[in-house]
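Numbering (our numbering), first residue to last: 345 to 449.
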C-alpha cells in the first residue's frame, strides 16, 4: 500500500462522522440517562392507589370501632361492679345495724 492511498484512508476515516467518547464517559452517560425522565401517573393508577388507601383506612377505622366497643363493654362491667359493691355495702350496713341492736338487747 502506498503512502498516498494510506493517507487517503486516514482522511476518509477522519471524515466518517464518528465521535470518539472515552469509555468511562459513555458508561456514565448510559447509567444517568434516565434520571431526567419524568414519570406521570395515569388517572387509573391514582384512583387505584386512592381506593387501596381508603380500604386500609376503613379497615383501621373498623378495628378502632371494635376497640371502642370493648372499652364500652369494660366500662359497663365496672359500672355494674360499682353498683354491686354499693348494694353490698348497704347490706352490710343494715346487717351491722341489726347485729348491734340485737347485741344490745
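Where a beta carbon is used, it is the ideal one built from N, C-alpha and C, also for glycine. Computed from a predicted structure; not experimentally measured.
Each residue's CA atom was taken as its position, placing residue 396 and residue 408 some 19 Å apart. Annotated three-state conformation of residue 437 is helix, per DSSP.
The three-state reading of DSSP puts residue 360 in coil, since its state is none of H, G, I, E or B.
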